[in-house]
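For reference, the structure discussed in these notes is given below.
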Amino acid sequence: MAEQPPIPPPAAAAPPQPPRKVVLPPHRERAHRPWRVRAEEWVRRNLFASPGQTLLTFASLALVGLVIAGAVWFVFFQANWRVITVNRWLLFAGGFPLDEKWRLWLSVALVFPLIGAAYGMWASLGRRDLLFIALAGAFVFFLTAHGDAGPSSSVWFAASLALFFLGYRVCRFVPRETGRPRTLAVRTLAALLALALPLVLIVLMVGGGAQASQFGGFMLNLILAPVGIVGGLLLAVPLALGRASSLRAISWTCTAYIEVIRGAPLIGWLFVALFILEDVISSPLIVRTMIVLAVFTAAYVAEYIRGGLQSLPRGQGEAGHAVGLSHLQTLQVIVLPQALRVSIPPIVGQAIGLWKDTALISIILPLRELVGNSRAAIAQAEFIPDRIEVYAFAAVLFWIVAFMMSRISQRMERAQGVGER
Amino acid sequence: MKRLALLGLVAAVFALAACGGDDGDGDGAAGGDVRGDTVALIEERGALKCGVTDTLPGFGFREPDGSFSGFDIEFCKAIAAAVLGDDAEVEFVAASSSARFELLSAGEVDLLSRVTTITAERDASRAVDFAQTTFYDGQGFVVHADSDIYDAADMGGATICVAAGTTTEQNLDDFFNEQGLSYTPLSGEGSEPQDQFVARRCDVFTSDKSGLAARIASLPNSDDYRFLPLTISKEPLAPGVRDYDSDWKDVVSWVVWGLINAEELGVTSANVDAWAADPPNTAVARLLGVPFEGGETADLGFAVDPQFIQRALRAVGNYGEIYARTVEPLGITRAGTLNALYTEGGILYAPPYR
């Protein structure tokens, strides 16, 4: 079952050697030569071994150089980044009332330590993560420090980052082994994470805050995508179990749900949110959008979880029953944890997909997230020529979050031992 | 089967919750075809839902602080002030050109104020009624300043940049067929036509004159381009309301006409307070809904109270003020165009307010 690293073949019986003469294996011997010689050899062997390879090397170098030079030229000399610094609020918060800026930052300061805690609980920060955080952080600092935003944004962001690391450190103290203390800590954190979104919405809206219709910009992406992902995950578990159920009515219902939802593109379901869902659930458009995103994601995630369930040997469940666990307990402590662990990579793939799909919202719905407000920014007479800048900026923001999700999943996979058991 | 019954129960609970949750959250407009009393709906909700564009310089765009701005936006504010007494009580809904009429009929917006051309097909087959036109636009042409093209006849054989899939493209085709001239269209999405024109991949750039002027004015060296004295289409841009609600349509139309009449009568945002207290003549008194020299206030029977135009004027000023604030900065002068008052050579001719 478990894949062990291949056992090296037993060493061939070496002929007796004179004890004092040490023969180094080739790579060790190379290591003793000066680095200049080694580098030269590497270059010759890997880049200029034949005329064809030499040609390829120069062609690739020229191409890479051209792209880099073009990018540097654009970023530092050609681009008019004023369109970003001037429109920072429009791009990040849309129609959110400017006077209520503290509400946005308070939300960030609430969520950051929770993300840090989740990191500390289920994964660890490697050198690459720190490098990424440093780069992304510097980018955000640069943004907050520029123009007329005042020092408060930078201070808020610094505090949020500090809280992120605080959350991380605190959760590093939680023992790694399964046991009462860890279970307690995990449950507390899960509860806090579940409360995060309602809490953020309260901070944003209650007591003279914004109305739902004023949400916009990057903030809207950051609210909608997690709701879709978490809501989808919560819906997906019963769907996956239901599909595997032996009761026909249940398994058919779940199968029908999955096939119908997967059978139409997200754009189509967004139209449903706009024009049809209103008749079923009378609620603001943003809520209907959340429902559709969760319902849509659930259909895909349910199939990934079903794959995870099917990868488990039947014996796992039977063993649970044999030691006297109820059906529910077997699911909870034996089957689901293993199935979910196997499904982490595809689920994260779906999450990243949904994250980027939030850009579709502005195309179909009268809601304006980052891409929608990017288009609005270049409708200002001063900035009509500057759309490459705006779209490049939006792309970087999308990438930062997508990359972060990807890193977290890799870390989690390693910590959970996906593919090793 | 048990499961199905349960599902039915859940659905029923949801439906009940949906019905119960209808009041008080400011989202009272139910889906489906909304007919009837939009004025009452707006008053109950306390906000006007205005469908606008957010990507058209000068007409509907967003300021860096996220607020909406432009010519069409001013009319939303005027109408909100007229109905609710507060021009801040507008909920702007960014309505795409493809979904705008559906948003209106589904009740997601009460009013469309987003450069919508009145056409027979829209009026007849869409669930939209058009109120009084706010802006008379038309398709125009711009060329490079050093070009040999000065008139329609010079455009024979020219390459022309145009936005793909628009009425502009069709107008262009019709126009050249009528003239018996040939041309090569170079169509693109969004701002591609503009880029191609600037890069001299085409000789002529065509679009609605207002949009054309805004785009050219935004270029760093706008003197390198020249407008042709030629308009080849009629584009009356008007606010849209839902079909079957003439009370609401009356209010919208008469706010527009009221602001035009105000300009004619010399009422501005600056003197509206003084003139409301002491109107110089009966026409102004009627327009502002105040009694003249001890007489009665004329109530003409609108679904809102007689001072609605006065409130709109106080919020945004008269038609000329709106134009000067939003369209003129784009470099589109008003004198001599269709959008001047009829007394000054234009076609803005509001019926008498009496």
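For the record, the sequence lines run as chains R and Y. Just so you know, the first sequence maps onto residues 1 to 421 in the working numbering. Just so you know, the second sequence maps onto residues 1001 to 1354 in the working numbering. Just so you know, even glycine gets a beta-carbon here, dropped at the ideal spot from N, CA and C.
Quiz item: So with Cβ pairs under 8 Å, would you call residue 275 (chain R) a contact of chain Y?
Solution: Indexing the first sequence from 1 puts residue 275 (chain R) at position 275. Yes - at least one Cβ of chain Y is within 8 Å of the one on residue 275 (chain R).
Self-check item: 8 Å CB neighbourhood of residue 214 (chain R) in its chain, flanking five on each side removed
Solution: What you label residue 214 (chain R) is simply residue 214 of the first sequence in a count that begins at 1. Result list for residue 214 (chain R): 94, 95, 96, 97, in chain order.
Self-check item: Distance between beta carbons of residue 88 (chain R) and residue 143 (chain R), contact taken as under 8 Å
Solution: Position 143 of the first sequence, counted from the start, is the residue given in the question as residue 143 (chain R). Position 88 of the first sequence, counted from the start, is the residue given in the question as residue 88 (chain R). Yes, residue 143 (chain R) and residue 88 (chain R) are in contact; Cβ-Cβ is about 7 Å, under 8 Å.
Quiz item: Terminal residues of the continuous alpha helix (DSSP H) containing residue 321 (chain R)?
Solution: Here residue 321 (chain R) is taken as the residue at index 321 of the first sequence, counted from 1. Per DSSP, the unbroken alpha helix (DSSP H) holding residue 321 (chain R) starts and ends at 314-322.
Quiz prompt | Nearest-angstrom beta carbon gap, residue 1331 (chain Y) and residue 1213 (chain Y) [assumed within contact, 8 Å] | solution = Translated into positions along the second sequence, residue 1213 (chain Y) becomes position 213. Translated into positions along the second sequence, residue 1331 (chain Y) becomes position 331. So it is a contact: roughly 5 Å between Cβ atoms.
Quiz item: What do you get for residue 301 (chain R), buried or exposed, if any count of 16 or more other CB atoms within 10 angstroms of its CB means buried?
Solution: By one-based count along the first sequence, residue 301 (chain R) stands at place 301. Buried is the call here.
Quiz item: When the cut-off is 8 Å and only beta carbons count, does residue 1021 (chain Y) lie next to chain R?
Solution: Residue mapping note: residue 1021 (chain Y) aligns to position 21 of the second sequence, counting from 1. Low confidence applies to residue 1021 (chain Y): its pLDDT is 37, below 50, so where it sits in the model is not reliable enough to give any reading.
Quiz item: Can you give, in chain order, each stretch of the alpha helix (DSSP H) that sits fully within the stretch 350-419 of chain R and has at least 4 residues?
Solution: 361-364, 370-377, 387-416
Exercise. Using a cut-off of 7 Å between C-beta atoms, extract the partners of residue 1055 (chain Y) located in chain R.
Key: In the second sequence, the residue the question calls residue 1055 (chain Y) occupies position 55. Result: 375, 376, 379.
Quiz item: Would you call the CB atoms of residue 1141 (chain Y) and residue 1038 (chain Y) closer than 8 Å?
Solution: Residue 1141 (chain Y) sits at position 141 when you count from the first residue of the second sequence. Residue 1038 (chain Y) sits at position 38 when you count from the first residue of the second sequence. No, they are not a contact pair.
Practice problem: Could you name each continuous alpha helix (DSSP H) segment of 4 residues or more that falls completely within the stretch 230-296 of chain R, going from the start of the chain to the end? | Solution: Correct list: 248-262, 266-275, 277-280.
Quiz item: Between which two residues does the alpha helix (DSSP H) carrying residue 171 (chain R) extend?
Solution: Within the first sequence, numbered from 1, the residue matching residue 171 (chain R) stands at position 171. Taken as a continuous stretch (DSSP letters only), the alpha helix (DSSP H) holding residue 171 (chain R) covers 151-172.
Quiz item: Helix, strand or coil: which one does DSSP assign to residue 1197 (chain Y)?
Solution: Locating residue 1197 (chain Y) in the second sequence gives position 197, counting from the first residue. In the structure shown, residue 1197 (chain Y) sits in a helix (DSSP, three-state: H, G or I).
Exercise. In angstroms with no decimal places, state the Cα-to-Cα distance between residue 1149 (chain Y) and residue 1051 (chain Y).
Key: Numbered from its first residue, the second sequence carries residue 1149 (chain Y) at position 149. Numbered from its first residue, the second sequence carries residue 1051 (chain Y) at position 51. Spanning the two alpha carbons is a distance of roughly 39 Å.
Self-check item: Proximity below 8 Å, CB of residue 235 (chain R) to CB of residue 295 (chain R)
Solution: Here residue 235 (chain R) refers to the residue found at position 235 when the first sequence is read from its first residue. Here residue 295 (chain R) refers to the residue found at position 295 when the first sequence is read from its first residue. Yes, Cβ-Cβ distance for residue 235 (chain R) and residue 295 (chain R) is below 8 Å.
Quiz item: Residues of chain R with CB under 7 Å from residue 1084 (chain Y), in chain order?
Solution: As a position in the second sequence, residue 1084 (chain Y) is number 84, starting the count at 1. Here the premise fails: no neighbours, minimum Cβ distance about 16 Å.
Quiz prompt | Amino acids of chain Y, ordered along the chain, whose beta-carbon sits closer than 7 Å to that of residue 238 (chain R) | solution = Here the question's residue 238 (chain R) lines up with position 238 in the first sequence. Near residue 238 (chain R) there are no residues of chain Y at all, since even the closest Cβ is about 11 Å away, more than 7 Å.
Self-check item: For residue 74 (chain R), three-class secondary structure by DSSP
Solution: What you label residue 74 (chain R) is simply residue 74 of the first sequence in a count that begins at 1. Judged by DSSP in its simplified three-state form, residue 74 (chain R) adopts helix.
Practice problem: Measure the C-alpha to C-alpha separation of residue 271 (chain R) and residue 124 (chain R) and round it to an integer number of angstroms. | Solution: Position 271 of the first sequence, counted from the start, is the residue given in the question as residue 271 (chain R). Position 124 of the first sequence, counted from the start, is the residue given in the question as residue 124 (chain R). Computed Cα separation, rounded: 41 Å.
Quiz item: Distance, Cα to Cα, residue 1337 (chain Y) vs residue 91 (chain R)?
Solution: The residue labelled residue 1337 (chain Y) in the question sits at position 337 within the second sequence. The residue labelled residue 91 (chain R) in the question sits at position 91 within the first sequence. One C-alpha to the other measures close to 36 Å.
Self-check item: Helix, strand or coil at residue 1320 (chain Y) according to DSSP, with G and I counted as helix
Solution: Within the second sequence, residue 1320 (chain Y) is the residue found at index 320, counting from 1. Residue state, collapsed to three classes: helix.
Quiz prompt | Partners in chain Y for residue 93 (chain R), counting only beta-carbon separations shorter than 8 Å | solution = Taking the first residue of the first sequence as position 1, residue 93 (chain R) is located at position 93. What residue 93 (chain R) touches in chain Y: 1066.
Quiz prompt | Contained alpha helix (DSSP H) runs [length at least 4] in the stretch 1233-1260 of chain Y, N- to C-terminal order | solution = The stretch 1233-1260 of chain Y contains no whole alpha helix (DSSP H) run of 4 or more residues.
Quiz item: Counting contacts by CB-CB distance shorter than 8 Å, is residue 1242 (chain Y) in contact with chain R?
Solution: What you label residue 1242 (chain Y) is simply residue 242 of the second sequence in a count that begins at 1. With its beta carbon at least 8 Å from every one in chain R, residue 1242 (chain Y) lies outside the interface.
Quiz item: Tell me, which residues are paired with residue 327 (chain R) by DSSP?
Solution: Start at 1 with the first residue of the first sequence, and residue 327 (chain R) comes out as number 327. Residue 327 (chain R) pairs with nothing; no bridge assigned.
Exercise. Anything in chain R within Cβ reach of residue 1103 (chain Y), meaning under 7 Å, just list it in chain order.
Key: Stepping through the second sequence from its first residue, residue 1103 (chain Y) is reached at position 103. Chain R residues near residue 1103 (chain Y): 366.
Quiz item: If the cut is a Cβ gap below 7 Å, which residues of chain R does residue 1093 (chain Y) touch?
Solution: Against the second sequence, residue 1093 (chain Y) aligns to sequence position 93. Ordered by position in chain R, the residues that pass the 7 Å Cβ test against residue 1093 (chain Y) are 366.
Quiz prompt | Integer-rounded CB distance, given that residue 1185 (chain Y) should sit under 8 Å from residue 1216 (chain Y) | solution = Within the second sequence, numbered from 1, the residue matching residue 1216 (chain Y) stands at position 216. Within the second sequence, numbered from 1, the residue matching residue 1185 (chain Y) stands at position 185. Actually they are not in contact, since the Cβ atoms of residue 1216 (chain Y) and residue 1185 (chain Y) sit about 20 Å apart, beyond 8 Å.
Self-check item: Interface flag, residue 235 (chain R) vs chain Y, CB-CB below 8 Å
Solution: Along the first sequence, read from residue 1 onward, the residue named residue 235 (chain R) stands at position 235. Not an interface residue.
Quiz prompt | Contact set for residue 186 (chain R): own chain, Cβ-Cβ below 7 Å, skip 5 residues either direction | solution = Here the question's residue 186 (chain R) lines up with position 186 in the first sequence. Taken in chain order, the residues that qualify are 121.
Self-check item: residue 1105 (chain Y) - DSSP class collapsed to helix/strand/coil
Solution: Taking the second sequence and counting its residues from 1, the one referred to as residue 1105 (chain Y) is at position 105. DSSP places residue 1105 (chain Y) within a helical segment (H, G or I) once states are collapsed to three.
Quiz item: Would you call the stretch 1091-1110 of chain Y and the stretch 1040-1057 of chain Y touching, i.e. three or more CB-CB distances under 8 Å?
Solution: Contact holds between the stretch 1091-1110 of chain Y and the stretch 1040-1057 of chain Y, because three or more Cβ pairs, one in each stretch, are under 8 Å apart.
Quiz item: residue 226 (chain R) CB to nearest chain Y CB: under 8 Å?
Solution: Taking the first residue of the first sequence as position 1, residue 226 (chain R) is located at position 226. Cβ-Cβ to chain Y under 8 Å: no for residue 226 (chain R).
Quiz item: So which residues of chain R does residue 1108 (chain Y) contact, with C-beta pairs closer than 9 Å?
Solution: Stepping through the second sequence from its first residue, residue 1108 (chain Y) is reached at position 108. Correct list: 274, 275, 278, 285, 366.
Self-check item: Other residues of its chain near residue 1258 (chain Y): CB distance less than 7 Å, five sequence neighbours each side excluded
Solution: Your numbering for residue 1258 (chain Y) matches position 258 in the second sequence. Result list for residue 1258 (chain Y): 1287, 1309, 1312, 1353, in chain order.
Self-check item: Burial state of residue 1129 (chain Y) (16 or more Cβ within 10 Å)
Solution: Numbered from its first residue, the second sequence carries residue 1129 (chain Y) at position 129. With 16 or more other Cβ atoms within 10 Å, it is buried.
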